[in-house]
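Shown next, in structure tokens, is the structure this report addresses.
In UniProt numbering, the protein residues as written are 1 to 288.
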């Protein structure tokens, strides 16, 4: 049963790793990869020599990552705790089903929905226009672009993210809550001293995995809206690779940026996992 999954993993994740050789070549798509001229570390000069466009993409990537770690990661935790507090299982199932739905929508549909609501001819601006109030440029404002991205991610994926936390909450021994109530603990103190420690390992695990994806921030979501706000405000490392590799033909430079991004992600995951071990948590993998 595992063979199809392993085949897909091998074909689409491990075999493409051989393409990292492009980072050390002056690669041309119509020339076999083995025959392209080798240029050593020349393609990495854009990273280490401080190319302005690359540095801007790096800055935007880091800012988006920090904002999303602060606001996106806690959202499913809070929602799972809220759902877990519902006494009616029937209501809980209905609410969960509704909240899961946005996850199954493609980013094309999600962006279209936001445009219908927040766009220049969208619902909110039409209401403002009918009241004689100046319209607001929600989607094309570079200053609020990160907030827009974060709100879209929260709306789309928070419901789906609650699945793991709800499963973890069911594993907490109900006797711990009963003992806490006997000791006079309020609902808030039960939450802090019983619930949070019960899901702390999962929170740390997801945080470590999020660090591994810290330099990957929604390529499809951003590229669909890049024309509205312009590249200076929306360029991230993934769109930089696409714009300079696929569109501009700088295949070697783009591959170099992608390779360095992957190496940084590995270092972050290993480092964060070792810190988790120091504090007694299992992390992604247990200490041997």
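We put the CB at the ideal spot given by N, CA and C, even for glycine.
- Three or more beta-carbon pairs separated by less than 8 Å are not found between the segment 90-108 and the segment 178-195, which leaves the two stretches without contact.
- Residue environment for residue 27: buried (at least 16 other C-beta atoms within 10 angstroms of its C-beta).
- In the structure shown, residue 225 adopts coil according to DSSP, grouped into three states.
- For the pair residue 163 and residue 33, the Cα-to-Cα distance works out to about 43 Å.
- If you draw a straight line from the Cα of residue 101 to the Cα of residue 121, it comes to about 26 Å.
- Cβ-Cβ separation between residue 30 and residue 256: approximately 20 Å, too far for a contact (criterion under 8 Å).
- Comparing C-alpha distances from residue 78 to each of 152, 242, 159 shows the shortest one belongs to 159.
- Residue 37 has 26 as its beta-bridge partners, per DSSP.
- Separation of the CB atoms of residue 235 and residue 52 is rounded to 11 Å, and the pair is thereby denied contact status at 8 Å.
- DSSP assignment within the segment 56-88 yields the following whole alpha helix (DSSP H) runs of 4 residues or more, N-terminal first: 74-84.
- In the displayed model, residue 235 falls within coil according to three-state DSSP, outside both helix and strand.
- Contact annotation, residue 135 with residue 67: C-beta distance approximately 26 Å; criterion of less than 8 Å not satisfied.
- A direct Cα-to-Cα measurement between residue 104 and residue 153 gives close to 13 Å.
- Counting the other Cβ atoms within 10 Å of the Cβ of residue 229 gives 16 or more, which makes it buried.
- Distance from residue 206 to residue 73 at the Cβ level is roughly 7 Å; contact confirmed, criterion being Cβ atoms closer than 8 Å.
- Per DSSP, the continuous alpha helix (DSSP H) segment holding residue 255 begins and ends at 251-278.
- Just measuring C-alpha positions, the residue of 133, 195, 119 sitting nearest residue 174 is 195.
- Ranked by Cα distance from residue 171, the first of 185, 197, 180 is 197.
- Residue 220 and residue 114 have their C-alpha atoms spaced approximately 15 Å apart.
- When the Cα atoms are used, residue 17 and residue 253 turn out to be separated by approximately 16 Å.
- Straight-line measurement puts the Cα of residue 141 at about 12 Å from the Cα of residue 118.
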